[in-house]
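Visitor: With positions in the sequence shown counted from 1, the corresponding number in the working numbering is that position plus 73. Using N, Cα and C, we set each Cβ at its ideal position, and we do this for glycine too. Keep in mind that this is a model prediction, so the values were computed, not measured. Here it is, the structure in full.
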Amino acid sequence: MLKKALEVFLLTVIVFGVAGAYFKFVGGIPFSVSQVSTTKNSTFDVSGVGKSSIAPDEAVIDLGIRKQGKTVKEAQKLGNEALNNLVEAVGKLGVEKKDIKTVNYSVSPEYDPTNYRKVTGFVVYANIEVKIGESNFEKLEQVMDLAGELGLEQVGSLRFQLSE
């Protein structure tokens, strides 16, 4: 191992010695620069955090119905009656029709619990979204009370937000 290291050292000394002697007697390697170009790459990075608080100016209430019938037609009839009653009752509270919209309507078969292949009827699910402006926030409780008065099966949520 020592012999190998000594050989590498001697070879390195010889190579640098010959190169040094060459440049001393012959001169440097001819080298010229005909063009210089530089590229400046710079970036400007900024980061920050901001917080803003503002009171909501609109409330949204999700209300829904679930009606069963022996046929699709019967279930839809019961569901549509319940929805129409709900929309009419909300309208009587002063909520404009443009602020009442259906966000879900579906019809599903209902199966016998002992035989999942036997359809026993159909169920209509429907949800409406009621928006109430800040000037009518006192009506929120009245709209929520409609769930009990009309026998609604679903009262989803009450959330406050900013209007567009």
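Can you tell which of Lys143, Lys76, Gly224 has the C-alpha that lies nearest to the C-alpha of Lys191?
Guide: Working through the sequence shown from its first residue, we reach residue 191 at position 118. With distances taken between Cα atoms, Lys191 lies closest to Lys143.
Visitor: Measuring only the C-alpha atoms, how far is Val197 from Glu214?
Guide: Counted from its first residue, the sequence shown places residue 197 at position 124. Counted from its first residue, the sequence shown places residue 214 at position 141. Computed Cα separation, rounded: 26 Å.
Visitor: Note down, one range per segment and in chain order, each beta strand (DSSP E) of at least 3 residues found wholly within the segment 139-221.
Guide: DSSP runs (the beta strand (DSSP E)) wholly in the segment 139-221: 173-185, 188-206.
Visitor: Here's the rule: buried if 16 or more other CB atoms are within 10 angstroms of the residue's CB, otherwise exposed. What is Lys140?
Guide: Indexing the sequence shown from 1 puts residue 140 at position 67. When all chains shown are included, Lys140 counts as buried.
Visitor: Quick check on DSSP: helix, strand or coil for Ile87?
Guide: The count along the sequence shown starts at 1 and reaches residue 87 at position 14. In the structure shown, Ile87 sits in a helix (DSSP, three-state: H, G or I).
Visitor: Under the rule that 16 or more other beta-carbon atoms within 10 Å means buried, what is Val203, buried or exposed?
Guide: For the purposes of this step, residue 203 is taken as residue 130 along the sequence shown, with counting starting at 1. Label assigned to Val203: buried.
Visitor: Considering only DSSP beta bridges, list what Glu131 is partnered with.
Guide: Working through the sequence shown from its first residue, we reach residue 131 at position 58. BP columns for Glu131 point to Gly206, Gln234.
Visitor: Taking DSSP's pairing of strands, which residues face Leu223 in a bridge?
Guide: By one-based count along the sequence shown, residue 223 stands at place 150. Answer is none; Leu223 lacks a bridge partner.
Visitor: Could you compute how far the alpha carbon of Lys174 sits from the alpha carbon of Gly164?
Guide: The residue you call residue 174 lines up with position 101 of the sequence shown. The residue you call residue 164 lines up with position 91 of the sequence shown. Approximately 12 Å between the Cα atoms of the pair.
Visitor: Using the Cα positions of Ile85 and Lys76, report the straight-line distance between them to the nearest angstrom.
Guide: Residue numbering aside, residue 85 sits at position 12 when the sequence shown is read from its first letter. Residue numbering aside, residue 76 sits at position 3 when the sequence shown is read from its first letter. Here the sequence assigns Thr to residue 85, which means Ile is not the residue at that position. Between Thr85 and Lys76, the C-alpha separation is close to 14 Å.
Visitor: Nearest CA to the CA of Gly137: which residue from Leu235, Gln234, Ser230?
Guide: Taking the sequence shown and counting its residues from 1, the one referred to as residue 137 is at position 64. Looking at the Cα atoms, Ser230 is the closest of the given residues.
Visitor: Considering only the alpha carbon of each residue, which of Asp130, Glu131, Asn153 lies closest to Leu225?
Guide: Reading the sequence shown from its first residue, position 152 is the one you call residue 225. Taking only the C-alpha atoms, the option nearest Leu225 is Asn153.
Visitor: With Leu235 and Ile127 assumed to form a contact (beta carbons below 8 Å), what rounded beta-carbon distance in angstroms separates them?
Guide: For the purposes of this step, residue 235 is taken as residue 162 along the sequence shown, with counting starting at 1. For the purposes of this step, residue 127 is taken as residue 54 along the sequence shown, with counting starting at 1. Contact holds; Cβ gap of about 7 Å.
Visitor: Please say whether Gln149 and Val180 have beta carbons closer to each other than 8 Å?
Guide: Stepping through the sequence shown from its first residue, residue 180 is reached at position 107. Stepping through the sequence shown from its first residue, residue 149 is reached at position 76. Contact: yes.
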